[in-house]
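S.K.:
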Amino acid sequence: MVGFTAGLLDAAVRASTVFIFAALGEIISERGGVLNLGVEGMMLVGALGGFATTAVTGNYWLGFLVGMALGTLLALVHAFLCITLKSSQVISGIMLTLLGTGLTTFFGAAWVDRSIDGFPQMTLPLVGQYLVEIPIVGEALFRSTAPDFIALALVPIVWWFLFRTNLGLEVIAVGEDPETADTMGVDVFKMRYLCVLLGGAFAGAAGAHLSLAFSQLWATGMTAGRGWIAVALVIFAQWRPERALVGAYIFGLLDALQLRSQGIDLALDAATPLAGVVNPVLELLMHPTIMSTYPYLATILVLVVTVVRFDEAGLGAPSALLEPYSRETD
Amino acid sequence: MNVSVELSARKDVPRWLAVGTPVFTVLGALALSAVALVALSVDPIAAYNTMFVETLTDPFGLRQTATRTVPLVLTGLAVYLPLRAGLWNVGAEGQLYMGAIAGTWIGLNVSLPMVALIPLAVLGAAVAGGLWAGIPGYLKAKWDVNEIITTLLLTFVATQIASYLVRGPMQGGSGNFPGSDLLPDAAQFPAIPLLDVHAGFLVGLLAVAATAVLLARTRAGFEVTFVGSNPLAGVQAGMSTFRVYLFVFLVGGAFAGIAGFNEISGVQERLIPEFSPGYGFTAIPIALLGRNGAVRVLLAAAFFALLFVGGSKLEVAYGVPAALVDVIQALVILFLITAEFVKRYRVDVELGREPAAGPAGEA
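Chains as they are written, first to last, in my numbering: chain P, 66 to 395; chain A, 20 to 382.
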């Protein structure tokens with residue numbers, strides 16, 4: 066059981082990284098007042114771009130950077146449409162997801178059966194070899210790939226950036242009350258561009274992590290809705306990085322459970338009363354295909370519980386989210 | 020060099036701009052997609068000739084385009100109706116699968132003559148699709164849970180359920196391939212005489228007419244449009260946003276569900292996993308292009324059906340992935356929202372002029 070728990074935790078931590086990257090990026094973007102529903106598309110573009118670059122050059126760090134750059138590029142389109150042209154953030158985001166899906170299916174066909182040497186497992190320098198000795202959680206937390214460590218490190222960094230630096234406070238001001246922020250001398254447009262582009266870079270990193278470290282292959286539509294789960298995660302996290310980490314672990318655990326469920330046998334002894342009813346139900350619920358729906362169902366459940374528990378003010382959504390900003394020009 | 024850009028809101032839209040917008044956006048999207056074709060070293064002009072001219076001048080191509088229009092117009096309406104109420108149904112794809120499952124199950128397990136069996140299966144598909152969309156509809160109406168996320172996530176659930184069923188309880192045939200048994204003849208849409216397009220086409224046209232009448236002539240339709248343009252005013256006028264929101268999702272989901280059964284009954288003849296090439300997602304650009312009326316939804320659906328048919332022709336002729344169609348459809352909408360901006364504002368660009376001294380950070 067200890068071995069199973071440690072293995073499950075290890076898988077959960079590895080599966081959570083993609084949610085950490087994507088949710089942190091979405092938090093920054095939404096804190097600045099721009100909803101980004103294009104995450105899924107940006108992740109796919111990042112995953113394919115990173116994979117192709119690594120397959121050609123053999124350099125996974127270069128691949129990771131290219132993935133981030135491509136995510137940023139797609140985010141630039143979103144920023145231009147939503148901030149400069151004041152278009153609907155919802156339409157632009159959904160269409161960018163469709164565009165990213167289409168582009169990666171189109172250009173990705175050639176890369177489907179390729180293999181790469183992605184990010185290797187590593188331990189932290191100096192202290193790492195002792196940390197992995199910690200029972201149960203040691204291996205899970207401290208033997209990972211470089212992007213896993215980066216994602217973990219980004220949680221406090223983004224928190225510090227948003228709540229403890231002038232730039233971060235300007236981001237929040239722009240997302241809460243752009244008129245006042247403008248009066249105080251904050252460049253609303255520049256600030257929002259910065260947020261959306263950072264969000265795109267994070268989404269690209271999430272995708273690149275998926276193809277370069279997590280699965281080390283490219284498959285069409287490999288993000289499988291994780292970008293959308295990240296969008297929901299941000300609501301659950303109430304736009305706070307540290308809560309997004311908790312949410313990312315929950316969904317990472319669900320992802321991992323589904324992959325590792327084959328070893329679990331919960332069936333009742335045939336002699337037990339009700340076994341005839343309970344066992345087929347259990348069998349259905351533990352079927353791998355059915356289990357693969359749990360992360361989506363859990364997301365919906367979590368979303369409902371979060372929204373029902375807090376009224377609109379208590380939830381803490383940035384007040385100017387979805388509102389384009391126009392400056393009086395005269 | 021200094022570039023000065025001035026924006027001013029237009030008072031009225033020039034006629035050439037209003038009429039030309041859809042045409043320009045489509046041409047713009049095709050031009051940009053040509054870059055993708057060139058990247059795969061395919062001559063774009065020859066490719067587009069294959070896609071459009073050859074498809075439209077060939078009876079087989081026309082028939083296929085009509086057949087493809089059916090699921091697209093029905094899922095298009097499934098997105099369009101909630102959109103009229105200001106809501107987003109991004110999950111028509113999932114509702115389509117639930118309808119396909121229910122309709123196929125009825126077709127396989129109920130024995131009735133065709134005149135009764137097909138309507139029953141269509142009804143079952145409508146109920147399944149409607150209820151599936153009703154979940155996010157209820158959550159939105161009751162607790163204001165974001166319907167974009169819930170409709171989309173339920174799509175993944177629906178496709179997994181279909182995938183489970185055709186490999187498990189509903190698997191038929193010799194058992195080696197995932198898929199249900201063949202539908203009996205009584206559950207398969209007959210072909211319309213002369214046109215040689217399955218009768219599900221008529222169901223699609225009927226749905227367009229019903230939606231147009233609903234929105235233009237009924238109280239429910241009026242409430243949908245009213246709440247969509249101003250929910251607060253709707254509430255003050257005594258309308259219930261709860262009822263409107265639930266209504267548009269139930270009816271929209273029903274359309275998508277019917278689309279699923281139509282596709283199985285008229286084209287596939289059995290339930291198979293991943294039978295839809297993303298009809299429910301293409302429905303989003305279709306509803307956006309046709310957002311001014313149900314008939315425009317039909318036109319947009321026909322256009323995207325042509326893209327689908329031409330795209331698979333392209334795949335055969337040049338080995339180009341059919342996903343080019345997905346790229347084109349997303350670009351059409353991105354250009355369209357850019358064009359909306361040009362419609363709303365005059366953009367004057369002047370080069371080489373000193374910018375007026377203003378507060379720091381003018382963007």
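For glycine and all other residues, C-beta sits at the position ideal for the given N, C-alpha and C.
Below 7 Å between beta carbons: does that hold for residue 114 (chain P) and residue 135 (chain P)?
M.R.: The answer is yes: Cβ separation under 7 Å.
S.K.: Please state whether DSSP places residue 390 (chain P) in a helix, a strand or coil.
M.R.: Coil, per DSSP.
S.K.: Quick one: list the residues of chain P neighbouring residue 183 (chain A), beta-carbon separation under 8 Å, in chain order.
M.R.: Those are 352, 354 and 355, listed as they occur along chain P.
S.K.: Can you say whether residue 55 (chain P) is buried or exposed, counting buried as having 16 or more other CB atoms within 10 angstroms of its CB?
M.R.: A query on residue 55 (chain P) cannot be resolved here, the shown segment of chain P reaching from 66 to 395 and no further.
S.K.: Given residue 258 (chain A), which residues of its chain have a CB within under 8 Å of its CB, disregarding the five upstream and five downstream residues?
M.R.: Around residue 258 (chain A): 242, 245 and 246.
S.K.: In the DSSP assignment, what residue or residues form a beta bridge with residue 278 (chain P)?
M.R.: Residue 278 (chain P) pairs with nothing; no bridge assigned.
S.K.: Using the three-state DSSP reduction, which class does residue 306 (chain A) fall into: helix, strand or coil?
M.R.: DSSP places residue 306 (chain A) in helix when its eight states are reduced to three.
S.K.: Taking C-beta pairs closer than 8 Å, name the residues in chain P that residue 353 (chain A) reaches, listed in chain order.
M.R.: Here the neighbours are 142, 146, 157, 160, 161 and 164.
S.K.: Between the beta-carbon of residue 390 (chain P) and the beta-carbon of residue 200 (chain P), is there less than 7 Å?
M.R.: No, they are not a contact pair.
S.K.: Would you list, in sequence order, the uninterrupted beta strand (DSSP E) runs of no fewer than 3 residues that lie entirely inside the stretch 201 to 268 of chain A?
M.R.: Runs of the beta strand (DSSP E) inside the stretch 201 to 268 of chain A: none found.
S.K.: So which residues on chain P does residue 340 (chain A) lean against when the C-beta distance must stay under 7 Å?
M.R.: Within 7 Å Cβ-Cβ: 170, 171 and 174.
S.K.: Using a C-beta cutoff of 7 Å, does residue 124 (chain A) count as contacting chain P?
M.R.: Not an interface residue.
S.K.: Please state the DSSP three-state secondary structure of residue 188 (chain P).
M.R.: If DSSP states are grouped into helix, strand and coil, residue 188 (chain P) belongs with the strands.
S.K.: Check whether the Cβ atoms of residue 305 (chain A) and residue 319 (chain A) sit closer than 7 Å, and answer yes or no.
M.R.: A contact, by the Cβ cut-off of 7 Å.
S.K.: Nearest chain A C-beta to residue 297 (chain P) closer than 7 Å, yes or no?
M.R.: Answer yes: the Cβ-Cβ gap between residue 297 (chain P) and chain A drops below 7 Å somewhere.
S.K.: Find out if the Cβ-Cβ distance for the pair residue 380 (chain P), residue 223 (chain P) is shorter than 7 Å.
M.R.: Against a cut-off of 7 Å, the Cβ pair of residue 223 (chain P) and residue 380 (chain P) comes out as no contact.
S.K.: Starting from residue 55 (chain A), find everything on chain P with Cβ-Cβ shorter than 9 Å and list it in chain order.
M.R.: By Cβ distance, chain P contributes 168, 171 and 172.
S.K.: From A:213, A:235 and A:110, pick the residue whose C-alpha is nearest to that of residue 176 (chain A); which is it?
M.R.: Comparing Cα positions, the closest option is A:110.
S.K.: How would you list, in chain order, the residues of chain A whose beta-carbon sits under 7 Å from the beta-carbon of residue 70 (chain P)?
M.R.: Simply none; closest approach about 27 Å.
S.K.: Please name the residue or residues paired with residue 195 (chain P) in a DSSP beta bridge.
M.R.: DSSP output for residue 195 (chain P) lists no bridge partner at all.
S.K.: Which runs of the alpha helix (DSSP H) fall wholly inside the stretch 110 to 149 of chain P and span at least 4 residues, in chain order?
M.R.: Those alpha helix (DSSP H) runs which fall completely within the stretch 110 to 149 of chain P and span 4+ residues are 125 to 144.
S.K.: Is there a Cβ of chain P sitting closer than 7 Å to that of residue 44 (chain A), yes or no?
M.R.: So no, residue 44 (chain A) is outside the interface.
S.K.: Less than 8 Å between C-beta atoms, sequence neighbours within five positions excluded: which residues of the same chain meet that for residue 196 (chain P)?
M.R.: Closer than 8 Å at Cβ, skipping near neighbours: 188, 189, 203, 206 and 207.
S.K.: Let me know if residue 162 (chain A) comes out buried or exposed under the rule of 16 or more other beta-carbons within 10 Å of its beta-carbon.
M.R.: Looking at its Cβ environment, which holds fewer than 16 other Cβ atoms inside 10 Å, residue 162 (chain A) is exposed.
S.K.: Can you say whether residue 288 (chain A) is buried or exposed, counting buried as having 16 or more other CB atoms within 10 angstroms of its CB?
M.R.: When all chains shown are included, residue 288 (chain A) counts as buried.
S.K.: Does the Cβ-Cβ distance between residue 87 (chain P) and residue 268 (chain P) come in under 7 Å?
M.R.: Yes.
S.K.: For residue 74 (chain P), which three-state DSSP category applies?
M.R.: The answer is helix: DSSP assigns residue 74 (chain P) an H, G or I state.
S.K.: In the DSSP assignment, the alpha helix (DSSP H) including residue 69 (chain A) goes from what residue to what residue?
M.R.: Counting along the chain, residue 69 (chain A) falls outside any alpha helix (DSSP H), and DSSP gives it neither H nor E.
S.K.: Using a Cβ cut-off of 7 Å (strictly closer), state whether residue 395 (chain P) contacts chain A.
M.R.: Because the pLDDT at residue 395 (chain P) is just 41, under 50, the model does not fix this residue reliably, and the value given afterwards should be weighed accordingly. With 7 Å as the cut-off, residue 395 (chain P) does not count as an interface residue toward chain A.
S.K.: Report yes or no: do three or more beta-carbon pairs, one from the stretch 339 to 347 of chain P and one from the stretch 165 to 172 of chain A, lie closer than 8 Å?
M.R.: These segments do not touch.
S.K.: Between which two residues does the alpha helix (DSSP H) containing residue 112 (chain A) stretch?
M.R.: Its alpha helix (DSSP H) spans residues 111 to 128.
S.K.: Beta-carbon within less than 6 Å of residue 162 (chain P)'s beta-carbon, same chain only, minus the 5 sequence neighbours each way: which residues are those?
M.R.: 103, 105 and 106.
S.K.: In whole angstroms, what separates the C-alpha of residue 339 (chain P) from that of residue 321 (chain P)?
M.R.: Cα to Cα, residue 339 (chain P) sits roughly 30 Å from residue 321 (chain P).
S.K.: With a CB to CB cut of under 7 Å and the five nearest residues on each side skipped, what residues in its chain are close to residue 237 (chain P)?
M.R.: Same-chain partners within the cutoff: 96 and 227.
S.K.: Quick one: grab the DSSP three-state call for residue 211 (chain P).
M.R.: Residue 211 (chain P): helix per DSSP, three-state reduction.
S.K.: Interface residues of chain A around residue 153 (chain P) at Cβ under 8 Å?
M.R.: Result: 356.
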